[in-house]
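**Q**
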Amino acid sequence: MSNYALILIIVAYLAFLFFLAYWAERKHRGKLVNNPYIYVLSLAVYCTAWTYYGSVGIASQSGISFLTIYLGPVIAMPLWIVLMRKIIRISKQHKISSIADFISMRYGNNRPLGALVTVTCLLAIIPYISLQLKAVSETFALVSSNNSYISSGILDDSTFYIALLIAIFVAFFGTQSTDASLGKRGIMATVALESILKLVFFLAIGIFVVYFLFDGTTDVYQKASLTENFQKLSSFGGLENGFNWMFTIFLSFFAIFLLPRQFHVAVVENQNINHLKKAIWLFPLYLLVFNVFVIFIAWAGNIKLPDTVNHDYYSLLLPIQEGNTFLTLLVFIGGFSAVISMIVVSTLALSTMVSNNVIIPYGFIKKLVEGNPEENAKNIKNIRRIAIFILIIVAYFFYILFSNQLSLFSIGLISFVIIAQLAPSFFLGLFWRRGTAKAAKAGMAVGIMVVIYTLLLPIVADVISPDLQITDKGLFGFSWLRPTQLFGLEYLTPESNAFLWSMSFNTIAFVGFSLMAKGNYRERNYAEMFVHNENYENLQEGAFVWKGEAYVADIRRLLNRFLGETRTKRALTIFNRKYNISEQEEKADARLINFSEKLLTGSIGSASAKILLASVSKEKPISLVEVLNILEENKETKATNKLLVEKSEELSQMASKLQLANDELLFQDKQKDEFLDTVAHELKTPITSIKAASEILEDDEMPSELRQQFLKNISKDTDRLAKLIHDILDLEKLSSDRTELKIRSGKINKTIKKAINGIERIAEQRKVHVVFEESDYLEGMYDEDRILQVLTNLLSNSLKFTDEEKGMIKVLLEEKEKEIAVVVEDNGRGIPEEDHNYIFEKFYQSKNQNTKKPQGSGFGLAICKQIVESHNGSIWADKTVTHGARLVFTIPKTI
Amino acid sequence: MSRKILIVDDEPNIVMSLEYAFKKKDFEVFIARDGTEALEIAGKELPNIVLLDIMMPKIDGYETLKQIRNNKDLNGTKVVFLSAKSKLADVEKGLKLGADSYVTKPFSVKKVIAEIEEMIA
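If you read the sequences in order, they're chains A and B. Mapping of the first sequence onto my numbering: position 855 corresponds to residue 901, and the numbering continues sequentially without gaps. Mapping of the second sequence onto my numbering: position 84 corresponds to residue 182, and the numbering continues sequentially without gaps.
1) Rounded to whole angstroms, what is the Cα-Cα separation between A:F472 and A:L322?
2) Quick check: what's the CA-CA separation for A:L52 versus A:F186?
3) How many Å lie between B:D198 and A:L841 at the Cα?
4) Identify every residue that forms a DSSP beta bridge with A:A963.
5) Under a Cβ-count criterion, where at least 16 other Cβ atoms within 10 Å of its own Cβ denotes burial, should A:L697 be classed as buried or exposed?
6) Looking at the unbroken alpha helix (DSSP H) that takes in A:S761, where does it start and where does it end?
7) Is the CB of A:S761 under 8 Å away from at least one CB in chain B?
8) State the Cα-Cα distance for the pair A:I326 and A:R307, rounded to the nearest angstrom.
9) Quick one: list the residues of chain A neighbouring B:A119, beta-carbon separation under 7 Å, in chain order.
10) Which residues of chain A have a Cβ atom closer than 7 Å to the Cβ of B:P204, listed in chain order?
11) If I'm right that A:F551 touches A:G475 with Cβ under 8 Å, what's the distance once you round it to whole angstroms?
12) Could you work out which residue in A:L437, A:E315 and A:V237 is closest to A:V385 when comparing CA atoms only?
13) Find the nearest neighbour of A:D773 within the set A:E611, A:E420 and A:N839, judged by alpha-carbon distance.
14) For A:I434 versus A:S397, is the C-beta spacing smaller than 8 Å?
15) Using a C-beta cutoff of 8 Å, does A:A768 count as contacting chain B?
16) Does any CB atom of chain B fall closer than 8 Å to the CB of A:H727?
17) Tell me where the beta strand (DSSP E) around B:R101 begins and ends.
18) How about A:M854 and A:H815: are their beta carbons less than 8 Å apart?
19) How about B:V177: is its C-beta nearer than 8 Å to some C-beta of chain A?
20) Taking the C-alpha atoms as reference points, what is the distance between A:F942 and A:G118?
21) Closer than 6 Å by C-beta to A:E851: which residues in its own chain qualify, once you throw out the five before and the five after it? Chain order, please.
22) Report yes if the CB atom of B:V148 is closer than 8 Å to the CB atom of B:I129, and no otherwise.
23) Are the beta-carbon atoms of A:N843 and A:G906 separated by less than 8 Å?
24) Straight-line CA distance for A:A441 to A:M292?
25) Taking the alpha-carbon of B:V207 as reference, which of A:T734, A:L837 and A:K864 has the nearest alpha-carbon?
26) Can you have a look at A:R623 and say buried or exposed, based on whether 16 or more other CB atoms are within 10 angstroms of its CB?
27) According to DSSP, what are the bridge partners of A:D745?
28) Can you check whether the CB of B:D151 is closer than 8 Å to the CB of B:D107?
29) So, is the C-beta of B:V148 closer than 8 Å to a C-beta in chain D?
30) Which two residues bound the contiguous beta strand (DSSP E) that contains A:D872?
31) Show which residues of chain A have a CB atom less than 7 Å away from the CB atom of B:I218.
32) Indicate the three-state DSSP secondary structure (helix, strand or coil) for A:Y195 in the structure shown.
33) Name the two residues that bound the continuous alpha helix (DSSP H) containing A:H949.
34) Suppose contacts are defined by Cβ-Cβ distances below 8 Å. Is A:I498 in contact with A:P173 by that definition?
35) Use the C-beta contact count for B:K183: other C-beta atoms within 10 angstroms, 16 or more gives buried, fewer gives exposed.
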């Protein structure tokens, strides 16, 4: 295939990735972008060109030991549900944007530590990136049938341009927002797609090799077993290899957590902590599927291409040999995808670390403090962009200078060994509170020095001057100081050797320093928050452990510089509202400091954010006891708040009940007043009448007839007075439950007849007809005297309101399921509609007193109601009747 | 000159005593059992005095007083409330509405007559 055609395909592919990233960035709310599968696929950035090509190379030379690199993550994944959950929670709480942030934050937001972690990562990852570039370059050469792997000049080298294009891509999509802790959805979408492509294309070549070049796996095995060395390739190789296996598994176990790109995709880009549930089974499955054909391609390569020195590229060379250009291209694109995704995510993560943990805190911070928000946002982005370009260019030069000496596999492993130096401070820091910043720095430094001595020195020495002989004879000629066989351990591979010793020294230094001296207050505070994260996961701003003095105005000015005035104002308004803080508050409290620190951390990293806030506040040391108190208090406040909310709800419910009760009481009180008024009025009326009449009777000249009339009036008014008093007392007695009912089973017929007999005389006088439809058998449970009183009352009312001669009163009985209903009907005036609901109310009449003078005492119906209700019955006026009145009451039936 | 008095009350026994007493003093006595009836008679007979109960069916004493005061023909008519409402607030309310006097029940017939004779003297 021609150079240009291949370049055209690469450019077209990159253009497609640009488009995809752009589209995903714009549709960032879409389900497609923010879903667990994208998360799992982006984790597969773990599989780089090393996996794609290097595994085959290793498998062809050393057998199945390539698997160790994948066994580590597979073993790690189940732990993720606990470990990664904790890491993600902490990171989200502290707005952490890289592993350097994470580790430095754990040790009290220690600036030098953050820088050291960054340097360690650079040391590990830049060679790794150059390894990827090397793969691009070499595969490009293979596919384009260009025989030289490296072009003579940089400007002629297509790899250089590819590297530049990747840098532009990362610089553009990686710096869309100044807040580095926000997700880069566009980039993640392309990473996910690339993960699919590299898997599918790698499976394609696997199937091609196994089923088209050979007759299935058995065929490959049988033919491979005839080649030399096969025994070694298909076995574990005894105890020595066992150790190598173990160490490599450890290495990859650490790498899946600590590689900046893995931390970035797994933690920083995690949109939803529940995505982990899918990741813990799907990601190992992805790795498994990816590795299914590796060993077969390796064997096939060994069989078909016995003379090739470049075992790494069997998967390309096989289709090339078969003349299958299409498949060759697919494999190339797959490998290219693996390269791009790794470089993109790695430079993204590294550039954030470089800018937030080194450039800004160590030099740029002053400029930022003076700048305005737009300039600052621009500056921060530019720092990151420049970092991206520098990283890729440095990686490119590293590749030009060194990569010729190294295979994909060895660069990969060196990278893993270096990154593993973060492990003691990272993992122990998560669970061991004692770990200090000094210890972390010491451990890391010692570990890196050991790696340099045991792993890098021999390589560099070989390149620079092969006759130095340190590798063979050891430093100063001490053979136990031979870098690759340190302390005389001879059966380990150089990488395992480096890993074992660097890890041992690192851990010993870390633990030793931690035990020797306690960290300062800040370290201890952050340690507490990281280690016992589960206690504080809901605390957030309020749990910030800080003591000191600061002014809101200073902080506001600071935030303005980085967020701009509108965002600052909005953020502070929300903050004030959330914690119920007055806008006029001058002094800033710990919560505001913490809130602001987090806001700034997203933009400039935690180290710089701390420096900035320290510049406007006077921090005072705070003891762990105080910290625990603050945290505890916060927890309590939370609990108390919850309790308070519940209580206040209860209280408001009670208050409304009280209000109701009070209204009721007020109403009753008013009624009582009105009742007394009415009683007084009603009593005064006959008294007035009596008094007036008796005065008049003093007149001797009064005719005797008239005198008789007045005397009769006096007598009537006296009766009325007596009746009134009796009724009032009766009602009072009934309503205060002081009466005891003598309830017996009785025939209601008899009682009604008695009542009718009682009023018969008056009815006859008024010529009102009283009819009773008897139902002889009905028996009820009632106090006869009281029910007689009710009946008499109802009958008297009817008598009063019916006209003479035409009047007709009817008493009926209705049997119901459990009660007897007694109906008293008449053809009199009836009850005015508006009075229907009130006629039985005890104090009701007083309300209408002005317009409607009650006849009689006016308490009759109220008394009836009391009596009926004390029998558990009810009394009502039938509203449906159009003519006259129909009053009904019920009493319980005898069972 | 004849002295006309209108007694407005829904209690026949009280009215009966007052009627007898005022007739004895040579008043021309008119009787109404509620406000409506009272206004009708007052408009026609233009009494010098109206004895007005407050709590009555249909139109109460207060309303009746207002309408009497609105009637220019009855400018010279004195109105005296006769009421069982004896609280100070009730008395004040009655006088504020424009009653010339307020007599609380139970009253002395003699005193009422004396007060009224003085009022129209």
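Virtual Cβ for every residue (Gly too), placed ideally from N, Cα, C.
**A** Let's see:
1) Position 426 of the first sequence, counting from 1, holds the residue named residue 472 of chain A. Position 276 of the first sequence, counting from 1, holds the residue named residue 322 of chain A. Taking the straight line from one Cα to the other gives about 20 Å.
2) Counting from 1 along the first sequence, the entry for residue 52 of chain A is found at position 6. Counting from 1 along the first sequence, the entry for residue 186 of chain A is found at position 140. Near 8 Å, if we compare the C-alpha coordinates of A:F186 and A:L52.
3) Within the second sequence, residue 198 of chain B is the residue found at index 100, counting from 1. Within the first sequence, residue 841 of chain A is the residue found at index 795, counting from 1. Cα-Cα distance, rounded: 44 Å.
4) There is no way to answer for residue 963 of chain A, as the model of chain A reaches only from 47 to 941.
5) For the purposes of this step, residue 697 of chain A is taken as residue 651 along the first sequence, with counting starting at 1. Exposed.
6) Mapped onto the first sequence, residue 761 of chain A falls at position 715. First-last of the alpha helix (DSSP H) with A:S761: S750 to S781.
7) The residue you call residue 761 of chain A lines up with position 715 of the first sequence. Taking Cβ atoms only, chain B never reaches closer than 8 Å to A:S761, which makes this a no.
8) Taking the first sequence and counting its residues from 1, the one referred to as residue 326 of chain A is at position 280. Taking the first sequence and counting its residues from 1, the one referred to as residue 307 of chain A is at position 261. The alpha-carbon atoms of A:I326 and A:R307 are separated by roughly 18 Å.
9) What you label residue 119 of chain B is simply residue 21 of the second sequence in a count that begins at 1. Within 7 Å Cβ-Cβ: I742.
10) In the second sequence, counting from the first residue as 1, residue 204 of chain B sits at position 106. Neighbours of B:P204 on chain A, chain order: K730, I733, T734 and K737.
11) Against the first sequence, residue 551 of chain A aligns to sequence position 505. Against the first sequence, residue 475 of chain A aligns to sequence position 429. With 8 Å as the limit, A:F551 and A:G475 do not qualify as a contact, their Cβ atoms being about 18 Å apart.
12) The count along the first sequence starts at 1 and reaches residue 385 of chain A at position 339. The shortest C-alpha separation from A:V385 is found at A:V237.
13) Walking along the first sequence from the start, residue 773 of chain A turns up at place 727. Taking each of A:E611, A:E420 and A:N839 in turn and checking the Cα distance to A:D773, the smallest one comes out for A:N839.
14) Here residue 434 of chain A corresponds to residue number 388 of the first sequence, with the count starting at 1. Here residue 397 of chain A corresponds to residue number 351 of the first sequence, with the count starting at 1. Yes, the pair counts as a contact, with Cβ atoms nearer than the cut-off.
15) Working through the first sequence from its first residue, we reach residue 768 of chain A at position 722. Interface annotation, A:A768: not in contact with chain B, CB-CB separation never under 8 Å.
16) Working through the first sequence from its first residue, we reach residue 727 of chain A at position 681. It does; some Cβ of chain B falls within 8 Å.
17) Counting from 1 along the second sequence, the entry for residue 101 of chain B is found at position 3. Per DSSP, B:R101 belongs to the beta strand (DSSP E) from R101 to V106.
18) Residue mapping note: residue 854 of chain A aligns to position 808 of the first sequence, counting from 1. Residue mapping note: residue 815 of chain A aligns to position 769 of the first sequence, counting from 1. Taking C-beta atoms as the reference points, A:M854 and A:H815 count as a pair closer than 8 Å.
19) Within the second sequence, the letter at position 79 stands for residue 177 of chain B. Not one chain A Cβ lies under 8 Å of B:V177.
20) Because residue 942 of chain A is not part of the residues shown, which for chain A are 47 to 941, the question remains open.
21) As a first step, residue 851 of chain A is located in the first sequence; it is residue number 805 there, counting from the start. Closer than 6 Å at the Cβ level, and outside the excluded window around A:E851, lie K813.
22) Numbered from 1 along the second sequence, position 50 holds the residue referred to as residue 148 of chain B. Numbered from 1 along the second sequence, position 31 holds the residue referred to as residue 129 of chain B. Result no, Cβ atoms of B:V148 and B:I129 do not sit closer than 8 Å.
23) Residue 843 of chain A sits at position 797 when you count from the first residue of the first sequence. Residue 906 of chain A sits at position 860 when you count from the first residue of the first sequence. Yes, Cβ-Cβ distance for A:N843 and A:G906 is below 8 Å.
24) Working through the first sequence from its first residue, we reach residue 441 of chain A at position 395. Working through the first sequence from its first residue, we reach residue 292 of chain A at position 246. Between the alpha carbons of A:A441 and A:M292 lies a distance of about 30 Å.
25) As a first step, residue 207 of chain B must be located in the second sequence, where it is residue number 109. The shortest C-alpha separation from B:V207 is found at A:T734.
26) As a working mapping, residue 623 of chain A is identified with position 577 in the first sequence. Counting Cβ neighbours within 10 Å, A:R623 comes out exposed, since fewer than 16 surround it.
27) Your numbering for residue 745 of chain A matches position 699 in the first sequence. According to DSSP, which records beta bridges pairwise, A:D745 is partnered with nothing at all.
28) The residue given as residue 107 of chain B occupies position 9 in the second sequence. The residue given as residue 151 of chain B occupies position 53 in the second sequence. Taking 8 Å as the cut-off, the beta carbon of B:D107 is found closer than this to the beta carbon of B:D151.
29) Absent from the structure: chain D. Protein chains present are A and B.
30) Locating residue 872 of chain A in the first sequence gives position 826, where the first residue counts as 1. Note, A:D872: beta strand (DSSP E), E865 to D872.
31) Stepping through the second sequence from its first residue, residue 218 of chain B is reached at position 120. Correct list: empty, because the minimum Cβ distance to chain A is about 21 Å.
32) Mapped onto the first sequence, residue 195 of chain A falls at position 149. Reliability fails at A:Y195, whose pLDDT of 44 lies under 50, so the model's placement of it is uncertain and no value is given.
33) Residue 949 of chain A lies beyond the range of chain A shown here (47 to 941); nothing can be said about it.
34) Residue numbering aside, residue 498 of chain A sits at position 452 when the first sequence is read from its first letter. Residue numbering aside, residue 173 of chain A sits at position 127 when the first sequence is read from its first letter. Taking 8 Å as the Cβ cut-off, A:I498 and A:P173 do not qualify as a contacting pair.
35) To locate residue 183 of chain B, count along the second sequence from 1; it is residue 85. When all chains shown are included, B:K183 counts as buried.
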